[in-house]
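K.L.:
Just add 47 to wherever you are in the sequence shown, counting from 1, and you've got this note's numbering.
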Amino acid sequence: MSKTIGSRISKLILTIIIALLVLLLLAEFGLRWTVSKQLKDAVGSNSTGQEASISFGPTPLLFSAVTRNVPHVTIDSPSTVSIKHPGDANVVPEVTGTPQSFINVDSLNIADPDNPVAGSLSLRTTLTDDYLLAVLQKSIAENQTRQPAPAEGTGNDLGALAGAFLQQLIQVTGITSNPTDGTVKVDITGGAANLTLKPEAIDGRLSFTATNASLLGVELPSTVSDALTKGLRDQASAMAGNLMIKSVEVVDHGVKIEVVGDNINLNELGKEKTSSP
Numbered sequence: 048m049s050k051t052i053g054s055r056i057s058k059l060i061l062t063i064i065i066a067l068l069v070l071l072l073l074a075e076f077g078l079r080w081t082v083s084k085q086l087k088d089a090v091g092s093n094s095t096g097q098e099a100s101i102s103f104g105p106t107p108l109l110f111s112a113v114t115r116n117v118p119h120v121t122i123d124s125p126s127t128v129s130i131k132h133p134g135d136a137n138v139v140p141e142v143t144g145t146p147q148s149f150i151n152v153d154s155l156n157i158a159d160p161d162n163p164v165a166g167s168l169s170l171r172t173t174l175t176d177d178y179l180l181a182v183l184q185k186s187i188a189e190n191q192t193r194q195p196a197p198a199e200g201t202g203n204d205l206g207a208l209a210g211a212f213l214q215q216l217i218q219v220t221g222i223t224s225n226p227t228d229g230t231v232k233v234d235i236t237g238g239a240a241n242l243t244l245k246p247e248a249i250d251g252r253l254s255f256t257a258t259n260a261s262l263l264g265v266e267l268p269s270t271v272s273d274a275l276t277k278g279l280r281d282q283a284s285a286m287a288g289n290l291m292i293k294s295v296e297v298v299d300h301g302v303k304i305e306v307v308g309d310n311i312n313l314n315e316l317g318k319e320k321t322s323s324p
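Written out as structure tokens, the structure is:
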């Protein structure tokens with residue numbers, strides 16, 4: 048009789064334990080789904096509807112429900128880049144979106160579910176040659192539209208006038224990344240002129256050192272290289288937002304950039320990612 052009672056009690060305890068485990072698993076799954084959805088909404092999706100991939104690691108999120116802090120999150124955000132050439136390939140391209148990015152977050156504060164804040168964040172992305180080419184073409188076209196050529200007799204020397212004239216004629220036709228020497232070659236007007244750029248991270252910002260700027264073997268004025276590098280710097284700054292550029296590496300077919308920051312609102316990061324260049 049005592050064995051029967053003991054057996055029933057053991058089965059009851061085992062049933063309760065299993066039920067609790069099931070409830071905990073369901074709660075863990077539900078919490079992960081909820082937090083994941085909030086992060087996906089913050090980061091956004093691409094034009095095909097592909098959403099970001101979220102991973103929280105092995106640490107149970109049930110503890111985070113109490114502490115309101117997720118120890119670690121990794122986010123694989125899909126590319127939202129769209130490059131369109133209305134009319135033909137020689138027309139200024141329409142460029143929107145940002146490239147695929149890989150985000151690591153430590154100490155994610157979820158006290159306000161609508162505004163998750165990363166204690167520290169690092170983001171890696173690669174700007175492909177095609178993307179850099181489109182950004183440069185668009186930036187130069189906009190600069191040529193806004194900036195009139197300087198008039199004679201206003202203190203501009205012949206070199207400045209020549210530089211401004213060439214700047215108005217610039218048409219970037221190709222970009223080739225060279226990881227061997229860490230440079231990016233810019234072809235102008237079908238290769239009639241070329242410029243070599245070396246990207247670097249200086250004081251948290253993207254900088255370019257221009258070398259070998261020449262047209263049919265003749266050195267180009269600095270105003271021409273400045274016009275080209277400005278578009279790339281401005282786009283990198285727009286993408287980084289309040290983040291600091293930690294490293295820059297020229298790779299095959301592109302430039303890899305890592306940016307870092309502390310106390311970053313992921314909703315604000317999403318806005319920066321979806322803004323146009």
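Positions of the beta carbon are idealized from the N, C-alpha and C atoms, including for glycine.
Within 10 angstroms of its Cβ, does ILE20 collect 16 or more other Cβ (buried), or is it exposed?
P.N.:
As displayed, the chain neither begins before 48 nor continues past 324, which places residue 20 out of reach and without an answer.
K.L.:
Going by beta-carbon coordinates alone, are PRO140 and ALA181 separated by less than 8 angstroms?
P.N.:
The answer is yes: Cβ separation under 8 angstroms.
K.L.:
Taking the alpha-carbon positions, what's the SER169 to SER224 distance?
P.N.:
Rounded to the nearest angstrom, the two C-alpha atoms are 24 angstroms apart.
K.L.:
So VAL297 and VAL231 are in contact, right, with Cβ under 8 angstroms, and what is the actual spacing, rounded?
P.N.:
VAL297 to VAL231, Cβ: 6 angstroms. Contact.
K.L.:
For LEU174, report the span of its beta strand (DSSP E) as first-last.
P.N.:
Taken as a continuous stretch (DSSP letters only), the beta strand (DSSP E) holding LEU174 covers 164-175.
K.L.:
Using only the alpha-carbon positions, how far apart do ASP273 and ARG280 sit?
P.N.:
Near 10 angstroms, if we compare the C-alpha coordinates of ARG280 and ASP273.
K.L.:
Kindly indicate which residue of THR175, THR220 and SER254 has the alpha-carbon position closest to the one of ASP299.
P.N.:
Closest by alpha carbon: THR175.
K.L.:
Cutting at 7 angstroms between CB atoms, please list the residues of its own chain near GLN147, excluding the five before and the five after it.
P.N.:
Counting only Cβ-Cβ distances below 7 angstroms, and skipping sequence neighbours, we find SER124, PRO125, SER126 and THR172.
K.L.:
With DSSP as the reference, identify every bridge partner of PHE149, one or two as the case may be.
P.N.:
In the DSSP output, where bridge partners are listed per residue, PHE149 has ASP123 and ARG171.
K.L.:
Which residues mark the beginning and the end of the beta strand (DSSP E) in which THR223 is found?
P.N.:
Start and end: 219-225.
K.L.:
Tell me the rounded alpha-carbon separation between THR32 and ALA165.
P.N.:
A question about residue 32 goes unanswered here, because the residues of the chain that appear run from 48 up to 324.
K.L.:
For LEU109, report the span of its alpha helix (DSSP H) as first-last.
P.N.:
First-last of the alpha helix (DSSP H) with LEU109: 109-114.
K.L.:
Indicate the three-state DSSP secondary structure (helix, strand or coil) for ALA181 in the structure shown.
P.N.:
Of the three classes helix, strand and coil, the one that applies to ALA181 here is helix, per DSSP.
K.L.:
Out of THR121, ILE311 and LYS185, point me to the one whose CA is closest to SER83's CA.
P.N.:
For the residues THR121, ILE311 and LYS185, the minimum Cα distance to SER83 belongs to THR121.
K.L.:
Using the beta-carbon count (16 or more within 10 Å), is PRO105 buried or exposed?
P.N.:
Looking at its Cβ environment, which holds fewer than 16 other Cβ atoms inside 10 Å, PRO105 is exposed.
K.L.:
Which residues mark the beginning and the end of the beta strand (DSSP E) in which GLY308 is found?
P.N.:
From DSSP, the beta strand (DSSP E) with GLY308 extends over 301-312.
K.L.:
DSSP state of ALA257, grouped into three classes?
P.N.:
If DSSP states are grouped into helix, strand and coil, ALA257 belongs with the strands.
K.L.:
Shortest alpha-carbon distance to GLY221 belongs to which of THR143, GLY144, THR258 and ASP177?
P.N.:
It is ASP177 whose Cα lies nearest to the Cα of GLY221.
K.L.:
Helix, strand or coil for PRO105 per DSSP?
P.N.:
Three-state DSSP puts PRO105 in coil, outside helix and strand.
K.L.:
How about LEU109 and LEU313: do their beta carbons lie closer than 8 angstroms?
P.N.:
Cβ distance not < 8 angstroms, so LEU109 and LEU313 don't count as in contact.
K.L.:
Can you tell me which of the three DSSP states GLY247 falls into?
P.N.:
Strictly speaking, residue 247 in this sequence is Glu, with Gly absent from that position. Note: GLU247 maps to strand in three-state DSSP.
K.L.:
Less than 8 angstroms separating the beta-carbons of VAL117 and LEU179?
P.N.:
It is not a contact, given that the beta carbons lie outside the stated cut-off.
K.L.:
Where does ILE157 sit, in a helix, a strand or coil, going by DSSP?
P.N.:
Coil, per DSSP.
K.L.:
If I measure Cβ to Cβ from GLY308 and keep anything under 7 angstroms in the same chain, skipping five residues before and after, which residues do I get?
P.N.:
Excluding positions up to five away in sequence, the list reads LEU168, ASN289, LEU290 and MET291.
K.L.:
From this set, LEU183, PRO160, VAL152 and SER284, which residue's C-alpha is nearest LEU242's C-alpha?
P.N.:
Comparing Cα-Cα distances from LEU242 to each of LEU183, PRO160, VAL152 and SER284, the minimum goes to LEU183.
K.L.:
Just confirm the distance between the C-beta atoms of VAL295 and PRO246, as a whole number of angstroms; I'd bet it's less than 8 angstroms.
P.N.:
Indeed, because the Cβ distance is near 5 angstroms, the residues count as touching under 8 angstroms.
K.L.:
Taking only the alpha-carbon atoms, compute the straight-line gap between ILE187 and VAL142 and give it to the nearest angstrom.
P.N.:
Using only the alpha carbons, I get a separation of about 13 angstroms.
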